[in-house]
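Everything below concerns the one structure shown next.
There are 2 protein chains.
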Amino acid sequence: METLSHHDTAILFLSMGILLGAARGLGELARRLHQPSVLGEILAGVLLGPTVVGHFFPEWYAEVFPAAGPTRVALEGMTSTAIAFFLLVAGMEVDLSLAFRQGKAAIVVGLVGFLFPFACAFLLGWSFLDKIVGNSSADPMVLALFFATALSITALPVIAKILMDLNLFRTDVGTIIIAGAILNDLIGWNIFAVLIGMVESGGSTLLNPLPTLGLTLAYALALLTLGRWTLNQVLPWLQAHTSWPGGVLGFIFTLALLSAALTEWIGVHALFGAFLFGIAVGDSRHLRQRTRTTIDQFVSFIFAPLFFASIGLRVDFVSNFSPSLVVFTLVIAVFGKVVGCGLAASWCGLSRRESIAVGFGMSALGAMAIIVGLYALQLGAIDESMFVALVVMAVTTSLGSGAMIQRVLKRRKALRFTDFLSSSHFVASLEKVDRLEVIRELVERAVKGTSLDHEKVIETVWRREQLMSTGLENGLALPHARLADLERPILAVGISRSGVDFDSFDGQPARLIFLLLTPREDNGAQVEILADIGRRFQDARLAQQAAESTNYTEFLALMRSHEPAEVNPTPAVAL
Amino acid sequence: METLSHHDTAILFLSMGILLGAARGLGELARRLHQPSVLGEILAGVLLGPTVVGHFFPEWYAEVFPAAGPTRVALEGMTSTAIAFFLLVAGMEVDLSLAFRQGKAAIVVGLVGFLFPFACAFLLGWSFLDKIVGNSSADPMVLALFFATALSITALPVIAKILMDLNLFRTDVGTIIIAGAILNDLIGWNIFAVLIGMVESGGSTLLNPLPTLGLTLAYALALLTLGRWTLNQVLPWLQAHTSWPGGVLGFIFTLALLSAALTEWIGVHALFGAFLFGIAVGDSRHLRQRTRTTIDQFVSFIFAPLFFASIGLRVDFVSNFSPSLVVFTLVIAVFGKVVGCGLAASWCGLSRRESIAVGFGMSALGAMAIIVGLYALQLGAIDESMFVALVVMAVTTSLGSGAMIQRVLKRRKALRFTDFLSSSHFVASLEKVDRLEVIRELVERAVKGTSLDHEKVIETVWRREQLMSTGLENGLALPHARLADLERPILAVGISRSGVDFDSFDGQPARLIFLLLTPREDNGAQVEILADIGRRFQDARLAQQAAESTNYTEFLALMRSHEPAEVNPTPAVAL
């Protein structure tokens, strides 16, 4: 087995293709159901792994995902690289200066929000875990330490995504949560790194981890101060004197890999080096948004799904599912984070409601708990049932976090007009050319299948239209009305090939006409959706392209590929 | 060796980091010297491999790039994936409809341009290779077949790059070369795929390759007709209904991997499947430019350098260097392509000069010859010295091709104003605010170190300025003059914080002032450079950002990261 034969290579491509395809497919399905895509990616692995496919088709499974041999080693190499790159991206999202600018509140929430859950989980884990897990061969103290770490590191990318969805990202509560999570993660990964180094060196009884700890802290400090400053100086030079964007891309990935190798050599885990380097380089104001986006897209949509799907290959999730262990883990995780962070926020002067929101915000444990669990499993520090419990806990807390904040703060998701598009409310080529007639055409389309009286709707829309024209620049018109008998907003879209006079400011005829009907008590939905449409079509070129769409799919594809960046800044990294 | 230990993972990251860093570094250096970056990437591998580092520091080399074991297997898996992705991108650049639109000329050049060199190389190789190579254990016929294939497949990406550099891409000669190369590659990869399948199945005497050949052609045909049509239908749907750009990215890489695995299963090489799928998906008019760019950038700047550097790890290039074999290979390669394609072009009615240009255009054998050689080496069909000869030949023909076309057609590279920027001719903050004074300031900077009389230069520029102001929109001004005693163009750039009245059309003061001095007999250089500057700063936002640069590096970084796409459409794929 000196090297990969052609047959091994083919199996490697096949297994990667299947993993990636299933992960992306179920990831998209999860998104459709308004869940994080990583949920689908993990599920894809569980289905393909020993739990389902391996259970029912053992021979096929052994052929495509062999348990040993060169293909297995190569796939491991690929997923290890994937997870290192994932942590690089996670690190790049950490904004250290934000954390420091927030001052006291962030520091208190970050510190207490780490220490409290860590202490809870460690003490409860040490006392009870061996009773629940049963005759585990693992050292109970090491087990408890990993358990505590997994339950204390937050999943920064998920949290950022949740806050953005709820339009909370730039609020006080939002920045405290983010800044707290940044500090939290910084502490957490340091502890994790030292813990791994300790176990690997055989010093599983906390014997002599000091040199490693010292080197780790020294490296982290050096990278985040001097390293960060140097990177900020080097980036503009690279952009000026090397090919674009290859110079910067190659530079970032080279140093991420070397930093990963270096931390491993120090004795802590390679992932820590990738994460730290990500923070250092991500903080540079010279790093261009386009470089970030390229890295982010490739890692989030190719490497991360491969990694998350590969998790499911490792364990049988059915036979290792221990309900008591899952409940134990879940309760401690939520209790530790909500109480710890909530109290910390409350001390810093936030209202009770806001404090609870901070608590739930920080309770999204997501991908990070899974990564911690994975390495503990590989080291033999935890067993399969504990790993399964951590994965279930991670997924559950991430799913629950957003819902709880929403409930506590009574926030709802930001409304995007694209969420209200549908092919049955789309008219690719309006027949009429007169304003009232076009409104009639769209209203008829919009109210079809509802109990609304369309003459009354037309009258309401027309009355609003006469108060002041809804024609805007770039050939856009937004006729709209609030209606008493409506439950949720309806949006109909019509494209006029010849243009319709909507008396717009710039004198141009309207070619893209959006008819929006909202409930009388719409809690700001009308304003929000209209503003979203208006904002999107300030881009004259986009408006023109949209007006030239010949069918719904083309129109929708165009809208999707021009979603403003902020809607989905951390695409698949989010769990 | 069931799986990768943490130590193995660290070595994997270290070796990848070193390979990538060295490859990108030397790749950039090559670009500086106006050579294709892949030249540097290959050189990086040669330096790191047994030729230099392995020779002088054998222990360090064995530690970081072990010859066997899990790290080696994982690195092989990574480079195999890299090359599959590279061929995916190469395939995406193939525009089948272009080839067909060109009709007869392209078909004749493509066919004859493949068959003539193939026949030459096969016959000469069969007759003489065993005498030159010495007591090779390889089957002389198989050796001759691989030799002929390696000398007949052109390197489409290099050719495209060369033609763009010379502003020939959209000319008749240019499209005939590209279309011919597309057909050429299509035939070549089919033959290569069948050849590999034949040797692997043990049928090294042409025994029974028919089923494989049939399946291969059937798959190629199905993918390029039905598959291509289906992909074109599916892409808009994916863009409309999945997350952007993850849906499309995941889809493309999944199917590329599966197509690679499928062709391997048929019995031909996996690379062929990736290449074919690339053609099928790349031809879709629904594939967005941004998706192409993301894939292209990541593959060209991360995967491709890893692969090309890894080539050098395989062989000692010094001890396996056989001068007679290198000369033999090089002469046949150039002779076959230049004569074969030249004659074909001539038959199609091109002038003698153009025919020779077509011949030299098609003679860039580049990366593809290396890939063919690599697989032949792995199969034992050729030996190390033959592989070294192929690599040297590939690099030499790619370097020579552009120079020869340039000479034959008397074309020069398209002029970009960025090639004339220099920090000594940059004034970050102009002191003066009067038009003449500012011109004086810039002229003084421009003529420093030359024998030009600056008063005379100022007078010439000012006379031109008074004929008609050179102030343009977006705060741009382009004072310029042709001078008798100048050898090459000089460009000086000044930024005015307060603005200078250049009597521009939109009444705005000039903030970005470019002073261009060109030789009297400048062969269109003045017009070309001025047009390039004007075009670039039609983008008002870019002009504003440029005017806010505080130093030369910042200004240059901005210009580089906004190079128009066409300048470098096939970044590092080019050898």
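As you go down the protein sequences, you meet chains A and B in turn. Those letters in the first sequence? Residues -3 to 571, per the numbering used here, in order. Those letters in the second sequence? Residues -3 to 571, per the numbering used here, in order. In this text, a Cβ means the ideal position worked out from N, Cα and C, and glycines have one as well.
Residue i in three-state terms, based on DSSP
i	result
I149(B)	coil
R478(B)	strand
S492(A)	strand
P485(A)	coil
I378(A)	coil
L182(B)	helix
V423(A)	strand
F501(A)	coil
S200(B)	Low local confidence applies: a pLDDT of 43 at S200(B) is under 50, so the model's placement there is unreliable, with the coordinate-based value given in what follows. Three-state DSSP puts S200(B) in coil, outside helix and strand.
G369(A)	helix
D168(B)	helix
H450(B)	helix
H3(A)	helix
F324(A)	helix
C344(B)	coil
H237(B)	helix
Q293(B)	helix
H558(B)	coil
R441(B)	helix
D430(A)	coil
A621(B)	For residue 621(B) there is no data in the structure shown, the boundaries of chain B being -3 and 571.
R11(B)	The displayed chain sequence assigns Ser, not Arg, to residue 11(B). Note: S11(B) maps to helix in three-state DSSP.
Where residue i meets chain B, residues with beta-carbon distance less than 7 Å
i	result
T549(A)	P232, W233 and A236
R556(A)	Q235, A236 and W240
E559(A)	W240
Listed by chain order, chain A residues near residue i by CB distance under 7 Å
i	result
L552(B)	A236
H30(B)	Chain A residues near H30(B): none, gap ~12 Å exceeds 7 Å.
W261(B)	A6
E24(B)	T238, S239 and G243
R493(B)	Result: empty, since nearest Cβ-Cβ is about 20 Å, beyond 7 Å.
Residue i burial status per 10 Å Cβ neighbour count (16 or more: buried)
i	result
K444(B)	exposed
N180(B)	buried
Q534(B)	exposed
H265(B)	buried
Q522(A)	buried
L373(B)	buried
M464(B)	exposed
H476(B)	buried
W185(A)	buried
A363(A)	buried
Q235(A)	buried
P567(B)	With a pLDDT of 35 at P567(B), under the threshold of 50, the modelled position of that residue is not reliable, and the figure given next carries that caveat. That one is buried.
Residue-chain proximity (residue i, chain D), Cβ-Cβ < 8 Å
i	result
T212(A)	Here chain D cannot be found, since the structure's protein chains are A and B.
For residue i: DSSP bridge partner residues
i	result
P515(B)	L479(B)
L386(B)	Answer is none; L386(B) lacks a bridge partner.
F304(A)	Answer by DSSP bridge pairing: none, since F304(A) is not bridged.
A473(A)	G467(A) and I509(A)
Interface residues of chain B facing residue i [CB-CB closer than 8 Å]
i	result
L386(A)	Near L386(A) there are no residues of chain B at all, since even the closest Cβ is about 20 Å away, more than 8 Å.
M12(A)	T77 and L253
L16(A)	G246, F249, T250 and L253
M194(A)	None at all; the shortest Cβ gap to chain B is about 13 Å.
Residue i: contacting residues in chain A (beta-carbon distance under 8 Å)
i	result
A266(B)	H2, T5, A6 and F9
Q293(B)	P241, G242, L245 and T290
Proximal residues of chain B, C-beta to C-beta of residue i below 9 Å
i	result
P301(A)	G242 and G246
Contacts of residue i in chain A (Cβ-Cβ under 9 Å)
i	result
A156(B)	In chain order: nothing, as chain A lies at least about 16 Å away.
S33(B)	S239 and G242
**OP:** Write down every uninterrupted run of the alpha helix (DSSP H) in the segment 78 to 155 of chain B whose length is 4 residues or greater and which is fully enclosed by it, in chain order.
**Re:** 92 to 97, 100 to 129 and 136 to 146
Subject >> Whole runs of the alpha helix (DSSP H) within the segment 14 to 82 of chain A, excluding any shorter than 4 residues >> reply: Every alpha helix (DSSP H) of 4 residues or more that sits fully in the segment 14 to 82 of chain A is shown, in chain order, as 33 to 44, 49 to 52 and 54 to 60.
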